[in-house]
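S.K.: Dropping the structure in here first, questions after.
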Amino acid sequence: MLNVRDLGVAFGVVQPLSGVSFSVSQGETLGIVGESGSGKSLTAMSVMGLLPLIGGRITDGSIEFDGADITALPERAYRKLRGGKIGLITQNPMTSLDPLKKIGPQVDDVAKLHLGLSNADARARTIDILGTLRIPEPALICDRYPHQMSGGMKQRIVIAMALAADPDLLIADEPTTALDVTVQAQIIRLLDDLVKERNLALVLITHDMSVVAQTCDKIVVMYAGRAVEQGPVEEIFDRPRHPYTQALIACIPRGLDDATRLTGIAGTVPTVLNYPKGCPFHPRCPKAEAICATDAPDFSVVGESAAACHFAEVAHAEPA
Amino acid sequence: MPNLLEVRDLSKRFTSAGGPFRKARSMHAVNGVSFDLASGRVIGVVGESGCGKSTLARLILRLIEPSGGRVNFDGDDLLAKTSAEMRKLRARMQMVFQDPYSAIDPRYTLSRAVAEPFEVQGVKPARPMADEVAELLEMVGLNPGLSTSYPHQISGGQKQRVGIARALALRPSLLVLDEPTASLDVSVQAQIIGLLEDLRADLGLTYLFISHDLSLVKYFCDEILVMYLGRVVEALPDTKAPARHPYTKTLMESTFEPDPKKRRLIAPLEGEVPSPFDLPPGCAFADRCPQASALCRTETPELSSKTGHAVACHHPL
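Listed in order, the protein sequences are those of chains A and B.
Residue numbers for the first sequence, in UniProt numbering: 1 to 320.
Residue numbers for the second sequence, in UniProt numbering: 1 to 317.
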């Protein structure tokens, strides 16, 4: 459904994103994980064609959606796609909802614009979608304003808007980060069901490895604007081959396992202005050697997973 | 170990002012909370937003005035103290805040930020202030060379370290940690948690750790209090104890394991946290609880412990 190849993004002379490749098929969930500043949201914005709005441009690679190259699609054509065949769910539902407009019309507008439905048909569709999202009394909710609803409910409305035009691809950028855990569990379950029932392709962007472990089929781990490791989710969690992925997994507190002690990763995530030469992770990497500081590693592929590390093969041979 | 902190029936009621178009309303942000914290132990307070955990932290340090109850700190009844006495006592009970960006004055150098507690308390350290600051920065894993930097020049994790150095400046025995890692990346969160563990061991500190993250609390704490709408619904005596309150069970089931082989079938808890302004009679969780009975909707269950594992539920698991 979506095929991103060797994507590079620049703002003026800074290059916050380079060499990112991944693909998602129907009925599949892809997780993009990384810490803040790793370029995961920028990847989402590239796919949505929103880079020109924030002054960025795609310098390398290509983005293919449903068999067509959309890398250099003009804004007019992108507008049809965005919110139509590609739905977006953002982290903060308040930035996606108009506070001055009732819920019903906000969701109706999507179907009216993209599917050309009449007012009445669009409303019927809205009520139907709200119902499938397990929103109680959908007809009443249509007459409410966003401020009258809880955070979890607002996030469901945003999901309803993303679904209104019957998309093939959903991009969810930290959809549960602002929510409490019990509400997060509801929303994750909902997204899971949607992928299965509607055969959607879902790109889930998150910093939370536990959410990824719970929902994704495959993942891309990003660090400092690069994909450092990717593959099927079980493979990555069982046999992480990039030292960053290994460290990231070791950073997750596990309540019931007293043996492992949290130490974190020494140092801090580099910002785009001081991306290190060579492998971006080498200043914080316990296994770094001279070559890591000078040469950026290519992806080495073992089975279905790939890691961008000079010593990936070696790491794989060691017991985890 | 003796109890460093004893909290009894602590309550806080907030009232919103009425006006021409609305009635004055009041809510219990914290309602009858009691617990003991033994010296050297770590108690975690966990709950979702609005459950009153941050209000509880502030009540204990008397940063806001309780509406009722008692707080004993090392034998002193805090609520009987004057504000001058309270200020003196606070040298021994310090707080680390969630947002390291707003906890430090942006116009202060780090050395001034770390020295500020001495200034506030009117305490002169035994050695030159510069040495004291350097030692504190080293203690939290910062290079003393940073002492002339400003907050905007350092990262979020480093700022939180400065926040901890400030809290440690006067050598307190109790630290109240209010979501100290909630705004940090996971690799930095793990650094800070590791640091807090080291400091606890080295300095013999006692922590009250407030968090929404159950896996973090289970990792870090000795005992856990679970709060829901202002009340403690369960006090887990250790981190391996199984949940007895249906809400705790839901909370545990909503927390995902970082292991794709341990995926769970999420049976989502329907409904939302009710508004604290018009709480239904009886157990506040009854409307969302699968085992609620008629009794639960009329009578509020008290926190009771027969086995040292206290739970406020008419039908504990």
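Every residue, glycine too, gets a C-beta built ideally from N, C-alpha and C.
The model shown is predicted, which means the values in this text are computed figures rather than measured ones.
With a cut-off of 8 Å, does the C-beta of B:Val186 fall near any C-beta of chain A?
M.R.: For this step, residue 186 of chain B is matched to residue 186 along the second sequence. Taking Cβ atoms only, chain A reaches closer than 8 Å to B:Val186, which makes this a yes.
S.K.: Tell me the DSSP bridge mates of A:Thr206?
M.R.: As a working mapping, residue 206 of chain A is identified with position 206 in the first sequence. Answer is A:Val33, bridged to A:Thr206.
S.K.: Assuming B:Leu214 contacts B:Leu251 (C-beta within less than 8 Å), just tell me the rounded distance between them.
M.R.: Indexing the second sequence from 1 puts residue 214 of chain B at position 214. Indexing the second sequence from 1 puts residue 251 of chain B at position 251. Between B:Leu251 and B:Leu214 the Cβ distance is about 6 Å, and since that is below 8 Å, they are a contact.
S.K.: So what's B:Val28 in DSSP terms, helix, strand or just coil?
M.R.: Residue mapping note: residue 28 of chain B aligns to position 28 of the second sequence, counting from 1. A small fix is needed here, since residue 28 of chain B is His in this sequence, not Val. Correct three-state label for B:His28: strand.
S.K.: Give me the subset of the stretch 162-192 of chain B whose CB atoms are less than 8 Å from a CB atom of chain A, sorted by chain position.
M.R.: The stretch 162-192 of chain B vs chain A, Cβ under 8 Å: Asp185, Val186, Ser187, Val188, Gln189, Ala190, Gln191 and Ile192.
S.K.: How long is the line joining the alpha carbons of A:Glu289 and A:Ala224, rounded to whole angstroms?
M.R.: By one-based count along the first sequence, residue 289 of chain A stands at place 289. By one-based count along the first sequence, residue 224 of chain A stands at place 224. Cα-Cα distance, rounded: 19 Å.
S.K.: Only counting the same chain, and skipping five residues up and downstream in sequence, which positions put a Cβ closer than 6 Å to that of A:Ala247?
M.R.: In the first sequence, the residue the question calls residue 247 of chain A occupies position 247. The residues are Ile265.
S.K.: Is the distance from the Cβ of B:Pro237 to the Cβ of B:Glu223 below 8 Å?
M.R.: Position 237 of the second sequence holds residue 237 of chain B. Position 223 of the second sequence holds residue 223 of chain B. Yes, they are a contact pair.
S.K.: Any beta carbon from chain B within less than 8 Å of A:Ala224's own beta carbon?
M.R.: Here residue 224 of chain A refers to the residue found at position 224 when the first sequence is read from its first residue. It does not: the Cβ of A:Ala224 has no partner Cβ on chain B nearer than 8 Å.
S.K.: Just checking, does the stretch 94-110 of chain B make contact with the stretch 26-46 of chain B on the three C-beta pairs under 8 Å criterion?
M.R.: no
S.K.: Going by beta-carbon coordinates alone, are B:Arg87 and B:Pro117 separated by less than 8 Å?
M.R.: On the second sequence, residue 87 of chain B is found 87 positions in, with the first residue counted as 1. On the second sequence, residue 117 of chain B is found 117 positions in, with the first residue counted as 1. No; because the gap between Cβ atoms is not below 8 Å, this pair is not in contact.
S.K.: Could you tell me which chain A residues have their CB closer than 8 Å to the CB of B:Thr250, listed as they occur along the chain?
M.R.: Here residue 250 of chain B is taken as the residue at index 250 of the second sequence, counted from 1. Correct list: Thr182.
S.K.: Is B:Ile154 near B:Ser54, with beta carbons less than 8 Å apart?
M.R.: Taking the second sequence and counting its residues from 1, the one referred to as residue 154 of chain B is at position 154. Taking the second sequence and counting its residues from 1, the one referred to as residue 54 of chain B is at position 54. No, the Cβ-Cβ distance between B:Ile154 and B:Ser54 is not below 8 Å.
S.K.: For A:Arg123, I'd like the list of residues in its chain whose CB is within less than 6 Å of its CB, leaving aside the five on either flank, ordered along the chain.
M.R.: The sequence position of residue 123 of chain A within the first sequence is 123, counting from 1. Excluding positions up to five away in sequence, the list reads Asp108.
S.K.: Under DSSP, the beta strand (DSSP E) around A:Met149 begins and ends at which residues?
M.R.: Locating residue 149 of chain A in the first sequence gives position 149, where the first residue counts as 1. Run containing A:Met149: none; DSSP gives neither H nor E here.
S.K.: Given a threshold of 16 other Cβ atoms within 10 Å of its Cβ, counted over all protein chains shown, does A:Leu273 qualify as buried or as exposed?
M.R.: Residue mapping note: residue 273 of chain A aligns to position 273 of the first sequence, counting from 1. Result: exposed.
S.K.: Does the separation of the CB atoms of B:Ala241 and B:His309 fall below 8 Å?
M.R.: What you label residue 241 of chain B is simply residue 241 of the second sequence in a count that begins at 1. What you label residue 309 of chain B is simply residue 309 of the second sequence in a count that begins at 1. Yes, the Cβ-Cβ distance between B:Ala241 and B:His309 is below 8 Å.
S.K.: Do A:Pro253 and B:Tyr101 come within 8 Å of each other at the CB atom, strictly closer than that value?
M.R.: Here residue 101 of chain B refers to the residue found at position 101 when the second sequence is read from its first residue. Here residue 253 of chain A refers to the residue found at position 253 when the first sequence is read from its first residue. Contact: no.
S.K.: Going by other Cβ atoms of all chains shown within 10 Å of its Cβ, with 16 needed for buried, is A:Val110 buried or exposed?
M.R.: Walking along the first sequence from the start, residue 110 of chain A turns up at place 110. Answer is buried; the Cβ neighbour count reaches 16.
S.K.: Where does A:Ala320 fall in DSSP's three states?
M.R.: Counted from its first residue, the first sequence places residue 320 of chain A at position 320. Per-residue confidence for A:Ala320 stands at a pLDDT of 41, beneath the threshold of 50, marking its modelled position as unreliable; the derived number appears in the next sentence. Here DSSP, grouped into helix, strand and coil, assigns A:Ala320 to coil.
S.K.: What does DSSP give as the partner residues of B:Asn3 in its beta bridges?
M.R.: As a working note, residue 3 of chain B is residue 3 in the second sequence. Paired residues: B:Ala38.
S.K.: Less than 8 Å separating the beta-carbons of B:Val226 and B:Gly47?
M.R.: In the second sequence, residue 226 of chain B corresponds to position 226, counting from 1. In the second sequence, residue 47 of chain B corresponds to position 47, counting from 1. Cβ distance < 8 Å, so B:Val226 and B:Gly47 count as in contact.
S.K.: Quick check: B:Lys12 and B:Ser67, are their CB atoms within less than 8 Å of each other?
M.R.: Locating residue 12 of chain B in the second sequence gives position 12, counting from the first residue. Locating residue 67 of chain B in the second sequence gives position 67, counting from the first residue. Going by beta carbons, B:Lys12 and B:Ser67 fall inside the 8 Å limit.
S.K.: Tell me whether the beta-carbon of A:Gly8 lies closer than 8 Å to the beta-carbon of A:Ser18.
M.R.: For the purposes of this step, residue 8 of chain A is taken as residue 8 along the first sequence, with counting starting at 1. For the purposes of this step, residue 18 of chain A is taken as residue 18 along the first sequence, with counting starting at 1. Their beta carbons are under 8 Å apart, which means A:Gly8 touches A:Ser18 by this criterion.
S.K.: Taking the alpha-carbon positions, what's the A:Asp173 to A:Gly37 distance?
M.R.: By 1-based counting over the first sequence, the position of residue 173 of chain A is 173. By 1-based counting over the first sequence, the position of residue 37 of chain A is 37. Between A:Asp173 and A:Gly37, the C-alpha separation is close to 14 Å.
S.K.: Output the distance between the C-alpha atoms of A:Ala320 and B:Gly157, rounded to the nearest integer angstrom.
M.R.: On the first sequence, residue 320 of chain A is found 320 positions in, with the first residue counted as 1. On the second sequence, residue 157 of chain B is found 157 positions in, with the first residue counted as 1. At A:Ala320 the pLDDT is 41, less than 50, meaning the model places this residue with poor confidence; the figure from the coordinates comes in the next sentence. C-alpha separation (whole angstroms): 28 Å.
S.K.: Excluding five sequence neighbours on each side, which residues of the same chain lie with their C-beta closer than 8 Å to the C-beta of A:Leu190?
M.R.: Your numbering for residue 190 of chain A matches position 190 in the first sequence. Contacts found: Leu133, Arg134, Arg156 and Ile159.
S.K.: Mind checking A:Pro138: buried by the 16 CB within 10 Å criterion, or exposed?
M.R.: Taking the first sequence and counting its residues from 1, one reaches residue 138 of chain A at position 138. That one is buried.
S.K.: Kindly list the residues whose CB is nearer than 7 Å to the CB of A:Ala296, restricted to its own chain and excluding five residues on each side of it in sequence; keep chain order.
M.R.: Counted from its first residue, the first sequence places residue 296 of chain A at position 296. Only Gly278 and Cys279 meet the Cβ criterion.
S.K.: Under a CB-based cut-off of 8 Å, is A:Cys251 close to chain B?
M.R.: Here residue 251 of chain A refers to the residue found at position 251 when the first sequence is read from its first residue. Nearest CB-CB separation between A:Cys251 and chain B: below the 8 Å threshold.
S.K.: Only counting the same chain, and skipping five residues up and downstream in sequence, which positions put a Cβ closer than 6 Å to that of B:Val188?
M.R.: By one-based count along the second sequence, residue 188 of chain B stands at place 188. Same-chain partners within the cutoff: Gly157.
S.K.: What residues from chain A crowd round B:Ile266, counting only those whose CB sits closer than 9 Å?
M.R.: Reading the second sequence from its first residue, position 266 is the one you call residue 266 of chain B. Ordered by position in chain A, the residues that pass the 9 Å Cβ test against B:Ile266 are Ala185, Gln186, Ile188, Arg189, Asp192 and Gln214.
S.K.: Just to confirm, is the Cβ distance from B:Ala286 to B:Arg231 under 8 Å?
M.R.: Residue 286 of chain B sits at position 286 when you count from the first residue of the second sequence. Residue 231 of chain B sits at position 231 when you count from the first residue of the second sequence. In this structure, B:Arg231 does not lie closer than 8 Å to B:Ala286 by Cβ.
S.K.: Give, in chain order, every unbroken run of the beta strand (DSSP E) that is at least 3 residues long and sits entirely within the stretch 153-218 of chain A.
M.R.: List check, beta strand (DSSP E) in window: 169-173 and 201-206.
S.K.: Rounding to the nearest angstrom, what Cα-Cα distance links A:Val212 and A:Met153 in this structure?
M.R.: Working through the first sequence from its first residue, we reach residue 212 of chain A at position 212. Working through the first sequence from its first residue, we reach residue 153 of chain A at position 153. Between A:Val212 and A:Met153, the C-alpha separation is close to 22 Å.
S.K.: Within the continuous beta strand (DSSP E) that includes B:Arg70, where are the two ends?
M.R.: Along the second sequence, read from residue 1 onward, the residue named residue 70 of chain B stands at position 70. Secondary structure note for B:Arg70: its beta strand (DSSP E) is the uninterrupted segment Gly68 to Phe73.
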